[in-house]
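Notes for the one structure printed next.
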Amino acid sequence: MIKPDGVQRGLVGEIISRFEKKGFKLVQLKMMKVTKEVAEEHYKDLKDKPFFPDLIGYILSGPVVGMVWEGQGVVKAARKIIGATNPLEAEPGTIRGDLAVQTGRNVVHGSDSPENGERETALWFAGHGIVEWEAHMKPWLVE
Ligand code: GDP
Ligand code: MG
C-alpha cells in the first residue's frame with residue numbers, strides 16, 4: 001500500500017515501478033480513501049502501541065493506493081525493496097532508504113507474511129478479488 005504521504009509527494013509511479021522492474025506481477029490496484037474500520041483492522045496487531053492513534057490518523061489523512069503483487073518470493077523480496085521501518089535505518093536503494101526520513105511518514109506498507117498478504121488482500125479488496133492474467137515476461141524471469 002502506498003501511504004498518503006507517498007500519494008501526496010507524487011511517488012506513486014516511482015513505487016509501482018520498483019516492483020514492476022523487479023519482475024513482480026500486478027494483479028490488483030486501487031486508489032481509495034480508507035475507512036477507520038479498515039485501517040484499524042489492518043493494523044490490529046499494533047493497537048496497544050502508543051503510536052497507534054497517530055498511525056491510524058496518518059493512514060486516514062488522504063488517499064492511499066492498494067496493490068497486490070505476485071511472484072516468486074514476493075513477500076520477502078517486497079519487504080527488502082521497501083526497507084526498514086525507520087527510513088533513517090533503511091538501506092540506500094530501498095524505497096524508504098531513498099525516499100523517506102521518518103517512521104511516521106515512511107511512504108509504503110508491505111505485508112510481512114504470505115498469510116497476512118492474503119488477509120490484507122481480502123480486507124482491502126473485499127468483493128474485488130484479484131485479476132488473473134498471464135505475464136508474458138515469465139519465461140524471461142524464471143527458468
Ligand atoms: P512495517 O511493517 O515496517 O511497516 O512496520 P510495523 O508493522 O512495525 O509498523 C507499522 C507502521 O506503523 C509503520 O510502517 C509506521 O508507519 C508505523 N510505526 C511503527 N513504529 C512507529 C513509531 O514508533 N512511531 C510512529 N509514529 N509510527 C510508527
Ligand atoms: Mg508491519
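Residue numbers (full-length UniProt numbering): 1 to 143. Ideal Cβ positions, reconstructed from N, Cα and C, are used throughout, including at glycine.
Problem set entry | First and last residue of the uninterrupted beta strand (DSSP E) at Leu26 | Its beta strand (DSSP E) spans residues Lys25 to Met32.
Problem set entry | CA nearest to the CA of Pro114, picked from Ile81, Gly57, Gly71 and Val107 | Of the listed residues, the one whose Cα sits closest to Pro114 is Gly71.
Exercise. Taking one C-beta from the segment 1-17 and one from the segment 62-70 each time, how about it: are there three or more such pairs within less than 8 Å?
Worked result: Contact between the segment 1-17 and the segment 62-70 is present, because at least three Cβ pairs lie under 8 Å.
Exercise. Is the distance from the Cβ of Val108 to the Cβ of Ile16 below 7 Å?
Worked result: Cβ atoms of Val108 and Ile16: not closer than 7 Å.
For this session: Kindly list the residues whose CB is nearer than 7 Å to the CB of Val34, restricted to its own chain and excluding five residues on each side of it in sequence; keep chain order.
Result: Taken in chain order, the residues that qualify are Ile59, Leu60 and Val64.
Problem set entry | Inter-stretch contact at 8 Å, needing at least 3 Cβ pairs: the segment 97-112 / the segment 74-83 | Here the segment 97-112 makes contact with the segment 74-83; the two share three or more CB pairs at distances below 8 Å.
For this session: Just tell me which of Gly93, Glu143, Ala100 and Lys80 has its CA closest to the CA of Pro87.
Result: Answer by Cα proximity: Ala100.
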